[in-house]
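Input: a single structure, listed below in structure tokens.
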Amino acid sequence: MADIVIAPSVLSADFSRLGDEVEAIDRSGADWIHLDVMDGHFVPNITFGPPVIKAIRNRTKKLFDAHLMMAPADPYLAAFADAGCDMITVHAEAGPHLDRSLQAIRGLGKKAGVSLNPATPVSAIEHVVDRLDMILVMTVNPGFGGQAFIPAMLAKILRAKALVGKRPIDIQVDGGVTAETAPAVVAAGANVLVAGSAVFRGGVESAYARNIADIRNAAMGNWT
Ligand code: DX5
Ligand code: ZN
Numbered sequence: 002m003a004d005i006v007i008a009p010s011v012l013s014a015d016f017s018r019l020g021d022e023v024e025a026i027d028r029s030g031a032d033w034i035h036l037d038v039m040d041g042h043f044v045p046n047i048t049f050g051p052p053v054i055k056a057i058r059n060r061t062k063k064l065f066d067a068h069l070m071m072a073p074a075d076p077y078l079a080a081f082a083d084a085g086c087d088m089i090t091v092h093a094e095a096g097p098h099l100d101r102s103l104q105a106i107r108g109l110g111k112k113a114g115v116s117l118n119p120a121t122p123v124s125a126i127e128h129v130v131d132r133l134d135m136i137l138v139m140t141v142n143p144g145f146g147g148q149a150f151i152p153a154m155l156a157k158i159l160r161a162k163a164l165v166g167k168r169p170i171d172i173q174v175d176g177g178v179t180a181e182t183a184p185a186v187v188a189a190g191a192n193v194l195v196a197g198s199a200v201f202r203g204g205v206e207s208a209y210a211r212n213i214a215d216i217r218n219a220a221m222g223n224w225t
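First residue of the sequence shown: 2, per this note's numbering; consecutive thereafter.
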């Protein structure tokens, strides 16, 4: 089985201590750092942008995985690249020129991801698949942490996996991922698991390490 990547979402961190929280999840076994950028327009919530990402960049060497819930995204791609993002994921629904957005991300030397809202079919990205490093299957409607996993998305993960075939494209899931839902998403074909509330539950570093280990063990099918 491909290695499982656990990507804690800092959306559930204590924003007043964001740099320390990033260091804490780094020490606690996070593989990537998932950064939820919300614009109050594409989604009904606002979070943070490039200056905040830049400010926490020197707190960890781990991959910065930016999930841009914003429309338009294109005018800001260079700013996210400059801020230190390694993977930049745009939403398929965020604009009319997805192919151009993906070319722009790779043109900046970054890995390119595309995210699908729950109602968007995998067929929406069939013709851009060779421009992708990652497909993000949203398992909640984006905008907020702590929502319930949508079980109908398991069938979409299977379709995304079929589309990918043997290409080296990661399949990420985001929303309601916990130790309880992890086995099913991995069985369907996901290998990158984003988790916000399930990682930051407990509010202290010792809890983060336990939470990440629980999700990873569940994903790998070996409860300890
Ligand atoms: C939702 C965000 C997620 C969110 C996940 O709009 O894209 O990354 O932080 O939070 P949980 O894991 O709490 O569902
Ligand atoms: Zn996200």
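Where a beta carbon is used, it is the ideal one built from N, C-alpha and C, also for glycine.
Cutoff 7 Å; reference residue i; Cβ partners in own chain excluding five residues on either side
{"i": "SER29", "result": "GLU206, TYR209, ALA210 and ILE213"}
Pair within 8 Å by beta-carbon distance, residue i and residue j
{"i": "ILE216", "j": "ALA189", "result": "no"}
{"i": "ILE172", "j": "LYS157", "result": "no"}
{"i": "PRO45", "j": "GLY144", "result": "yes"}
{"i": "THR48", "j": "HIS68", "result": "no"}
Burial state of residue i (16 or more Cβ within 10 Å)
{"i": "ASN192", "result": "buried"}
{"i": "ASP83", "result": "exposed"}
{"i": "ASP134", "result": "buried"}
{"i": "PRO122", "result": "exposed"}
{"i": "GLY108", "result": "exposed"}
{"i": "GLY222", "result": "exposed"}
{"i": "PHE81", "result": "buried"}
Cβ shell of residue i (< 6 Å), same chain only, five flanking positions each side left out
{"i": "ASP66", "result": "ALA8, TRP33, HIS35 and MET88"}
{"i": "ALA180", "result": "ASP215, ILE216 and ALA219"}
Contacting residues, own chain, Cβ-Cβ under 8 Å from residue i (five flanking each side not counted)
{"i": "VAL141", "result": "PRO119, GLN148, ALA149, PHE150, ILE151, ASP175, GLY176 and GLY177"}
{"i": "PRO129", "result": "Correcting the residue identity first, residue 129 is Val in this sequence and not Pro. So the qualifying residues of the chain are LEU99, ASP100, LEU103 and VAL115."}
{"i": "VAL23", "result": "VAL11, ALA14, ILE34, ILE57, ARG60 and THR61"}
{"i": "VAL53", "result": "LEU19"}
Cα-Cα separation between residue i and residue j, rounded to whole angstroms
{"i": "ASP131", "j": "HIS42", "result": "29 Å"}
{"i": "MET2", "j": "VAL187", "result": "Per-residue confidence for MET2 stands at a pLDDT of 45, beneath the threshold of 50, marking its modelled position as unreliable; no derived number is given."}
{"i": "HIS92", "j": "GLY203", "result": "31 Å"}
{"i": "SER10", "j": "ASP40", "result": "17 Å"}
{"i": "ILE106", "j": "MET154", "result": "26 Å"}
{"i": "ALA1", "j": "LYS111", "result": "Given that the chain is displayed from residue 2 to residue 225, the structure contains no residue 1 and the question cannot be resolved."}
{"i": "PRO169", "j": "LYS63", "result": "20 Å"}
Test: residue i CB closer than 8 Å to a CB of chain D
{"i": "GLU94", "result": "Reference to chain D is not applicable here, since this structure consists of a single protein chain."}
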